[in-house]
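First to last, the sequence lines map onto chains A and B. Here the working numbering is used: the first residue of the first sequence is 1, the next is one more, and so on. Here the working numbering is used: the first residue of the second sequence is 1001, the next is one more, and so on. Don't be surprised by glycine CBs; every beta carbon is placed ideally from N, CA and C. Please read the structure below before turning to the comments.
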Amino acid sequence: MSVTPLPPIHGYLVVSTLLFAIGLVGVFARRNAIAVLLGIELMLNAASLNFVAFWRYRGGGQMEGQVFVVAIITVAAAEAAIALAIILNVYRRFKTVNVDQINLLKG
Amino acid sequence: MIGAIWESLHSGSLWQPLAFVCFAAIVLASGLLVVLSRNLLHSALWLLSCLAGVAGLFFLLGAEMLAAIQILVYCGGIVVLILFAIMLTHGLGHTDVRVANQQLLWGSIGAAGLAGVVLHLLSQESWTMGVAAEPVDVTARLADALLNPYVLAFEVASVVLLVAMVGAIVMARAEPE
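Written out as structure tokens, the structure is:
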């Protein structure tokens, strides 16, 4: 099979930009803390997509791009575990996980 | 017309852009549904399809190992963890009357503005990066990179995971009465 032309890198960058913006809306606007976490996951995936796209379009010689994505996935797993433990504690205490009702620190 | 499409399908020059468009549509549509879904459980399940689409894009870019890790860790681990948390806190099929807080307008404007600025900058830049031939031995070279130059980062990641695991267990444990 001949070498197939890749779609231009702009396609990947546009997808990742839009995915990041969608995740940002989720973080800003959702009330439920778990939904905020889902928005963060979307933003992390947008960053990973950028790393892999630039890795590929730089010729794939250096592996830094992929190493970064492995680190991102690791941190995302750790972050999800910690965040869900915190959310469980908050739910036990306040009987809700809506971020606008957990305002104990508000003066 | 049809003959040309068939010809390019046969030579393999059409399926890659076609697969890209399919995966991009899956990613963006399910990403939107993650944010817009009123039922939190549906949001988490749409996240599953969004992450699978991102894995498809990784595969398309020639990063097979990362696509496999994405499916295993994200779709198999993180989404299941999130589903557990939803069921432990929120209950199944529960739909909030109001899913968005009062920052919806400004958040949407800010996100749309950010996307507009970035897309504008992207359209001004003409990336003429050399698209070399398909990279070979990607997985072997990733393993080599993780265990030779980046072994410190690799070990730090494992310590981070251990600390997070212990911390999550300690925090989520029920307090003694």
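_Is it buried or exposed, A1174(B), if we count other Cβ atoms within 10 angstroms and call 16 or more buried?_
With fewer than 16 other Cβ atoms inside 10 Å of its own Cβ, A1174(B) counts as exposed.
*Where R56(A) falls: helix, strand or coil (DSSP)*: Three-state DSSP puts R56(A) in a helix.
*Can you grab the Cα-Cα spacing for the pair I40(A) / F28(A), in whole Å?*
Distance between the alpha carbons of I40(A) and F28(A): 10 Å.
_Short of 9 Å Cβ to Cβ, which residues in the segment 1058-1088 of chain B face chain A?_
If the cut-off is 9 Å between Cβ atoms, the segment 1058-1088 of chain B has F1058, L1060, L1061, G1062, A1063, M1065, L1066, I1069, Q1070, V1073, Y1074, G1077, I1078, V1079, L1081, I1082, F1084, A1085, I1086, L1088 near chain A.
*Kindly list, in the order they appear in chain A, the residues whose Cβ is closer than 9 Å to that of N1101(B).*
For N1101(B), the chain A residues whose C-beta falls within less than 9 Å of its own C-beta are F28, A29, R30, R31, N98, V99, D100, listed in chain order.
*State the Cα-Cα distance for the pair R58(A) and L1146(B), rounded to the nearest angstrom.*
Cα-Cα distance, rounded: 19 Å.
*Please confirm whether C1050(B) and V1034(B) have their CB atoms less than 8 Å apart.*
Against a cut-off of 8 Å, the Cβ pair of V1034(B) and C1050(B) comes out as a contact.
*Which class does N89(A) belong to by DSSP, given the choice of helix, strand or coil?*
N89(A): helix per DSSP, three-state reduction.
*Under 8 Å by Cβ, that's how I've got R1141(B) and R31(A) pegged, so tell me the actual separation to the nearest angstrom.*
The pair is not a contact, with the Cβ atoms about 45 Å apart (cut-off 8 Å).
_Interface partners of G1056(B) on chain A, CB under 7 Å_ = Ordered by position in chain A, no residue passes the 7 Å Cβ test against G1056(B), which lies about 11 Å from the chain.
*Would you kindly check if the distance between the Cβ of V97(A) and the Cβ of A33(A) is under 8 Å?*
Against a cut-off of 8 Å, the Cβ pair of V97(A) and A33(A) comes out as a contact.
*Between the segment 39-62 of chain A and chain B, which residues of the former have CB atoms less than 9 Å from a CB of the latter, in chain order?*
Correct list: G39, E41, L42, N45, A46, S48, L49, V52, A53, F54, W55, R56, Y57, R58, G59, G60, G61, Q62.
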